[in-house]
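Taken in order, these protein sequences are the chains called A and B. Per the working numbering, the very first residue in the first sequence carries number 534; after that it's consecutive. Per the working numbering, the very first residue in the second sequence carries number 91; after that it's consecutive. The beta carbon of each residue, even a glycine, is placed where N, CA and C say it ideally should be. Predicted model, so just to flag it, every value in this text is computed and none were measured. In what follows, a structure is listed as structure tokens, so that the remarks can point back to it.
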Amino acid sequence: MTIRGAAYVAGIYEHPRREIPDRTIFEIHTEVALGALADAGLTMADVDAVFCDSTTGMGAFSLVTHWGLQPTYFDNTETGGSSYLAHVGHAAAAIAAGKCSVALVTLAGKPRSGAGVERMSFMPGPESGFESTWGVSGAPHSYALAAQRHMHEFGTTAEQLAEIKVAASIHAQHNPNALLPYAVTIEDVVNSPMVADPLHRLDCCVVTDGGGALVIVSPEVARSLGRTNAKILGHGEAIKHTNNGRIDLTYTGAVWSGPRAFAEAGVSVKDIDYASIYDSFTITVLQTIEDLGFCEKGKGGAFVSDGALVAPHGILPFNTDGGGLCNNHPSNRGGMTKVIEAVRQLRGEAHPAVQVPDCQVALAHGTGGSLGSRHGSVTVILGQENA
Amino acid sequence: MSTLPNPAPIITSTSQAFWDATTEGRFTLQKCDACDLVVWVPRRTCPACWQENLRTFDASGKGTVYSFTIIRKGSGEWKEVGPYVYAYVELDEGPRVQTNIVGCPVEDVHIGMKVEVEWHDTGKGAAIYRFHPAG
Chain A
534 MTIRGAAYVA GIYEHPRREI PDRTIFEIHT EVALGALADA GLTMADVDAV FCDSTTGMGA
594 FSLVTHWGLQ PTYFDNTETG GSSYLAHVGH AAAAIAAGKC SVALVTLAGK PRSGAGVERM
654 SFMPGPESGF ESTWGVSGAP HSYALAAQRH MHEFGTTAEQ LAEIKVAASI HAQHNPNALL
714 PYAVTIEDVV NSPMVADPLH RLDCCVVTDG GGALVIVSPE VARSLGRTNA KILGHGEAIK
774 HTNNGRIDLT YTGAVWSGPR AFAEAGVSVK DIDYASIYDS FTITVLQTIE DLGFCEKGKG
834 GAFVSDGALV APHGILPFNT DGGGLCNNHP SNRGGMTKVI EAVRQLRGEA HPAVQVPDCQ
894 VALAHGTGGS LGSRHGSVTV ILGQENA
Chain B
91 MSTLPNPAPI ITSTSQAFWD ATTEGRFTLQ KCDACDLVVW VPRRTCPACW QENLRTFDAS
151 GKGTVYSFTI IRKGSGEWKE VGPYVYAYVE LDEGPRVQTN IVGCPVEDVH IGMKVEVEWH
211 DTGKGAAIYR FHPAG
């Protein structure tokens, strides 16, 4: 059994704000949930499955309490910013198994204005004592290790990484909600302050409040809604970790999640019309493009040069909402918005300046955690009804 | 070159023996008697064959920089120390461990650099390991 065609993304909603000091995280969850349900033409009363990360209290307890739901299925898979892509795959599998028919996936967080009492924390793992005493206080510090090694092995340059930011910024110009809705140049990126060599400030994603939601439904429900839905074609997931101290920093878990998703979807890289690639940092995009097979390992720098990622006519149009690099990275977790923009592309609802003509098959990929230690990689492939 | 903070590590009953050895200037590793694997980080069961046959031995304290970054500005007690190096050092015994590189200007650190361990007492029953260029 596969999930190909077993479920559809029928509703999407991205919170329009990027700084939300006047709402709690649970209020934002509710706002995005209602937004996605309205987009699908459904209501909270139709929801029979709830998917969320671990930042909502203990599992789904608080969310279903808050919403007054009695779901038949729930899932709190936590793989950082890739969680929501995992939720898409898990929801499709649950729907295929007959466990539920209307699944709600939500994300909310407030790293920009401050989460206050809702601030999350994790229990330390067995490895934490060996990783917490070196002055590492932000994600850039860990991702920089991967970027440095990639440069060393393959000759990747700062200018090539900057191309990725430039492409995202060209798209962000057309998104009035983007935190940084303007184009930047390669010089802007490489001349911005160094945060952690070789990553500059403009190699890093934005920090935003906000959230988003998805409604994933059975084929029967999808047909009843009478609108264009995105068919879920395939999903693959993997955790890449430090491998007993033998970590190789030059690749991501996409080397495993990608082939699983492509096999289930029955498509290849050549069939992908649009890709949402997780862009916590420019290096995240570069390694992921290689690992998904859009180019050879080590050739990502050459691949992204000369506008390959720029929509609508680049070889691989990516992150047409401006991505995490320019638009939105709500709750420091970019996976939700990756799915949302892929669905917009399949519906033909991206901004006209960046809409990929006749977008039939779209890929969304999440990288949650850190390239420098451990992360969850999840690939989802979506398509038009006839895809 | 500035002096870095020496924060105390999180110590569990599993890692207690490792940190006890640090106070004597010994970097210990475990090796699986069943499958010969050198293990990092310390644990009770081998991550390859899942036997409880791990034997502790003293490592050489020598290694090579596998990757690194210069953190331009830290936070908390690291905020005012200036740029410092966070790195993976590949120990001669195999494991790649996270650490700081000290004892040379940050600009001199490079991938492939040979390094040796030095110890920084936390004052809380453990010393943390950092590496400097091999003499």
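For the set THR189/B, GLU208/B, GLY153/B, the Cα lying nearest the Cα of GLY115/B is the one of GLU208/B. In this structure, ILE201/B sits near TYR156/B, with a CB-CB distance shorter than 8 angstroms.
Within the segment 662–681 of chain A, those residues whose Cβ lies closer than 7 angstroms to any Cβ of chain B are, in chain order, GLY662, PHE663, GLU664, SER665, THR666, TRP667, GLY668, VAL669, SER670, HIS674, ALA677, LEU678, GLN681. In this structure, ILE536/A places its C-beta atom within 8 angstroms of the C-beta atom of HIS768/A.
Contact with chain B is found for ILE780/A, since one of that chain's Cβ atoms lies less than 8 angstroms from the residue's Cβ. Judged by their CB atoms, ALA679/A and PRO731/A are not nearer to each other than the 8 angstroms cut-off. Under DSSP, VAL207/B takes part in a beta bridge, and its partners are PHE221/B. The residue among CYS633/A, ILE914/A, LEU849/A with its C-alpha nearest the C-alpha of PHE795/A is ILE914/A. By the 16-neighbour rule on beta-carbons within 10 angstroms, SER654/A is exposed. Beta-bridge partners assigned by DSSP to TYR546/A: ALA746/A. Annotation for ALA569/A: the continuous alpha helix (DSSP H) segment containing it runs 558–573.
Annotated as distal: ASN919/A and LEU712/A, with beta-carbon spacing of 8 angstroms or more. Under the three-state reduction of DSSP output, PHE117/B falls in the coil class, being neither helix nor strand.
Around ILE558/A, the same chain offers ALA641, GLY642, LYS643, ALA648, GLU651 as residues with beta carbons nearer than 7 angstroms, after the five sequence neighbours per side are excluded. In the DSSP assignment, ASP824/A falls within the alpha helix (DSSP H) that extends over 815–824. Of all residues in the segment 185–214 of chain B, only PRO185, ARG186, VAL187, GLN188, THR189, ASN190, ILE201 place a beta-carbon less than 7 angstroms from a beta-carbon of chain A. Annotation for MET869/A: the continuous alpha helix (DSSP H) segment containing it runs 868–880. ALA619/A and SER587/A have their C-alpha atoms some 13 angstroms from each other. Taking the Cα positions, ILE160/B is about 29 angstroms away from HIS898/A. DSSP, reduced to helix, strand and coil, places VAL722/A within a helical segment of the structure shown.
Assignment of ASN762/A by DSSP, reduced to helix, strand and coil, places it in the coil class. In chain order, VAL542, VAL876, LEU879, LEU915 place their CB closer than 6 angstroms to the CB of ALA763/A, counting only its own chain and leaving out the 5 sequence neighbours on each side. ALA625/A: member of the alpha helix (DSSP H) spanning 616–629, first to last residue.
THR912/A sits away from LEU842/A, with the two beta carbons spaced by 8 angstroms or more. One Cα belongs to VAL187/B, the other to ARG162/B, and the distance between them is close to 21 angstroms. Residues of chain A with a Cβ closer than 8 angstroms to the Cβ of THR104/B are, in chain order, PRO659. The C-alpha of VAL728/A is placed about 10 angstroms away from the C-alpha of GLY671/A. In terms of CA proximity to GLY834/A, MET684/A leads the group VAL788/A, ALA569/A, THR718/A, MET684/A. In the three-state scheme derived from DSSP, where H, G and I count as helix and E and B as strand, LEU127/B is classed as coil.
LYS830/A places its beta carbon less than 8 angstroms from that of TYR784/A. In terms of Cβ geometry, ALA624/A and ILE703/A do not form a close pair [threshold 8 angstroms].
The criterion of a C-beta distance shorter than 8 angstroms is satisfied by ILE191/B and VAL175/B.
CA-CA distance, GLU823/A to THR563/A, rounds to 37 angstroms. Here the C-alpha atom of THR718/A lies approximately 6 angstroms from the C-alpha atom of VAL699/A. When only Cα atoms are considered, VAL887/A and GLY631/A end up about 38 angstroms apart.
Exposed is the label assigned to ALA124/B, since fewer than 16 other Cβ atoms lie within 10 Å of its Cβ.
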